[in-house]
Amino acid sequence: MLLDNTKNGFILKSNFELIKAYFLFKIISSRTLTNFGKNLLKLCLKLRLPILFIVKATVFRQFCSGENLQESFKTVKKLNDRKVKSYLHYSVESQENEKTYDNSLKEVIKSIEFAASKDILDFTVFKPTAIASSEILNKVNEKKELSDFEKGLHDRILDRFDIICRTAFENQIKVLVDAEESWLQGAIDDIVLKMMIKYNTHSTIVYNTSQMYRHDRLKYLNELKKLSIENGFYVGIKLVRGAYIEKENKRAIKRNYKSPICESKNVTDINFNEGARFILSNLDNFSLFCGSHNEKSIYDILEIMKDEGIKKNDSKIWFGQLYGMSDNISFNLAEEGYNVIKYLPFGPVKEVIPYLIRRAEENTSVKGQTSRELELIKKELKRRRSN
Ligand SMILES: Cc1cc2nc3c(=O)[nH]c(=O)nc-3n(C[C@H](O)[C@H](O)[C@H](O)COP(=O)(O)OP(=O)(O)OC[C@H]3O[C@@H](n4cnc5c(N)ncnc54)[C@H](O)[C@@H]3O)c2cc1C
3 MLLDNTKNGF
13 ILKSNFELIK
23 AYFLFKIISS
33 RTLTNFGKNL
43 LKLCLKLRLP
53 ILFIVKATVF
63 RQFCSGENLQ
73 ESFKTVKKLN
83 DRKVKSYLHY
93 SVESQENEKT
103 YDNSLKEVIK
113 SIEFAASKDI
123 LDFTVFKPTA
133 IASSEILNKV
143 NEKKELSDFE
153 KGLHDRILDR
163 FDIICRTAFE
173 NQIKVLVDAE
183 ESWLQGAIDD
193 IVLKMMIKYN
203 THSTIVYNTS
213 QMYRHDRLKY
223 LNELKKLSIE
233 NGFYVGIKLV
243 RGAYIEKENK
253 RAIKRNYKSP
263 ICESKNVTDI
273 NFNEGARFIL
283 SNLDNFSLFC
293 GSHNEKSIYD
303 ILEIMKDEGI
313 KKNDSKIWFG
323 QLYGMSDNIS
333 FNLAEEGYNV
343 IKYLPFGPVK
353 EVIPYLIRRA
363 EENTSVKGQT
373 SRELELIKKE
383 LKRRRSN
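Using the numbering used here, the first residue of the sequence shown is number 3, and each one after it goes up by one.
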C-alpha cells in the first residue's frame, strides 16, 4: 500500500532522530506521563531551571521548524527537496487583548511577506482568536446586541481580517483561516465569507476551515456552493475533522443544548468523506485542502480523484499534515505526484511551549494516531537494521 512505505516516509530522519521520535511518541501515548511531563516542565520554568535546551533538542525539534522565519526556512528547503511544501505559523499563544491581537496581525503580515519573497512558499495561515476577541466573536455568533464600544472592537476585527486577506491577495499567497469552537465559528464564517467574496474572484486566495465532526457542515458546504454561484467567487475549504471535541461536548452538557458534534467517530468519518466527495465533485467552484492524518480518508480521496478523472497534481487539491507527524502520508503522497504541504509551527522555544503541550495532549486523546506513529517507526528501524 502506498502509505506503508516507511523508507520514503522517514527519508529525512537519521536513526538517532527516529529513536528520539519513538520515545517522544511513547511518552505522549500515556496520559499519566504526558501530565507528569507537562507539570514538571511548568515547575522547571517557574524555578528558572535551564531546561529550554532540553525542550529544543527533543519535543521542539520534533514538532517545530525553528525559532524564527530564517531558521525555519532551512526546514522548508529540506522538505521542498523531497517535493513537500510548507506553510509557516508563528505559534505563540499569548493572552488575549487588543495589543496582542495587533502584534499577531504583524506576525501574520510578516509571514505573508516572507512567503512572497521565496518562490517555494504558497500558503500562510492564521488563527482567528489570535487577532480577535473571543468575547466579541461569541456575542456576534449568538446575535447579541453590541454596545458602541463593542461595535468598535468588532470593526477592528473586520479590519484585521481584511488587512491579512488583502496582503495575501496582493502577494498572491493563499491564506488558510483556522477553525475554532462552534460558539465562535458562526461569526468567523461570516467574516471569511466576506473575504472570499472580495478576494476570491479570479482564483482561490482565502480558505475557510470546515470541521466535519460537526453534523451541520455538509449543509454549510452546500450553502457556500449556492452563494459562490450567485456572487461569482471561488470557495477555498480546509477540510478537517475538528480539534475541540471534548470542550464542545462538555459545554453542550453543561448548558443543556444538543452537541454540534456527530454522535460517533464513525459518523464523523462518514461526514468527512462526504464533505471531500462534495468538494471534489464541485471543483468548478471549490478548492480542497485536506488537513488529515487519517490514512483511510486519504485513500478514499485518492479513489474519488481517480474516479472523477482529476489529475494527481491538480492545483485545486492539497493534502496537509502537521510537522513531525504522519510523515508516511506526506512523503509518499508527494513522491506519487500529489500536492502535499506541512504545517510548520515556529517561535522562540519558551513561547511555543503552550503549543507543544497542546500538541502532546491532542495526541494523547487521539489514541490511534500515536500507536500508528510508533508502529511505523518500529517498522522502519527494523527495515534499516536488516539492510
Ligand atoms: C493540516 C491540519 C490543519 C488543521 N487545522 C485545524 C483547524 O483549523 N481547526 C481544528 O479544529 N482542527 C484542525 N486540525 C486538527 C483536526 O481537526 C483533527 O483534530 C486531527 O487532524 C485529527 O483528525 P484526523 O482527520 O487526522 O484523523 P483521526 O485521527 O481519524 O480522527 C480523530 C478526530 O475524529 C473526531 N472524533 C474522535 N472521536 C470522536 C467521537 N467519539 N465522535 C465524533 N467525532 C470523533 C475528532 O475530530 C478527532 O480529532 C488540523 C489538522 C491538520 C492535519
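Cβ coordinates follow ideal geometry from the N, Cα and C atoms, glycine included.
Does ligand 1 have even one heavy atom less than 8 Å from the beta-carbon of residue i?
i    : result
I247 : yes
I263 : yes
Y301 : no
A181 : yes
E364 : yes
D271 : yes
T211 : yes
L90  : no
Y222 : no
Y215 : yes
Y357 : no
V242 : yes
Y345 : yes
G293 : yes
G370 : yes
Between residue i and the rest of its own chain, which residues show a CB-CB distance below 7 Å, the 5 nearest in sequence each way excluded?
i    : result
N365 : I30, Q371 and T372
N70  : F348
L35  : I29
H295 : Q323, M327, S328, I331 and Q371
Y215 : R243, G244, I247, I263, C264 and T270
L54  : V351 and K352
S136 : E98 and L186
Taking buried to mean at least 16 other C-beta atoms within 10 Å of its own C-beta, is residue i buried or exposed?
i    : result
D329 : buried
S388 : exposed
Y301 : exposed
L45  : exposed
M3   : exposed
E375 : buried
Q213 : buried
Tell me whether residue i counts as near ligand 2, meaning its Cβ is closer than 8 Å to at least one heavy atom of that ligand.
i    : result
K267 : Ligand 2 is absent from the structure shown, which contains only ligand 1.
Answer with yes or no whether the minimum CB distance from residue i to chain C is below 9 Å.
i    : result
G238 : You won't find chain C in this structure, because it holds only one protein chain.
For residue i, which residues of its own chain have a beta-carbon under 6 Å away from its beta-carbon, when the five flanking residues on both sides are left out?
i    : result
D157 : none
L5   : E297, N330, I331 and N334
Where do the N-terminal and C-terminal ends of the beta strand (DSSP E) with residue i fall, by residue?
i    : result
T60  : Unbroken run through T60: none, as it is neither H nor E.
F348 : V342 to F348
V86  : Unbroken run through V86: none, as it is neither H nor E.
Q323 : I319 to L324
I239 : V237 to V242
G293 : F288 to G293
If you drop the 5 nearest sequence neighbours on each side, which residues of the same chain put their C-beta closer than 8 Å to that of residue i?
i    : result
N140 : W185, L186 and A189
C167 : V177, M197, K200, Y201, I207 and V208
Tell me the residue span of the alpha helix (DSSP H) that contains residue i.
i    : result
H217 : That residue, H217, is in no alpha helix (DSSP H); it is neither H nor E in DSSP.
C167 : D150 to N173
C46  : R33 to K48
Is it the case that the segment 65-78 contacts the segment 103-122, given that we only count it when at least three CB pairs across the two stretches are under 8 Å? The segment 103-122, when compared against the segment 65-78, does touch it at the 8 Å Cβ threshold.
Three or more C-beta pairs closer than 8 Å, one from the segment 346-363 and one from the segment 375-388: is that the case here? no
Cβ contact check for the segment 78-91 and the segment 142-159: 3 or more pairs under 8 Å: no
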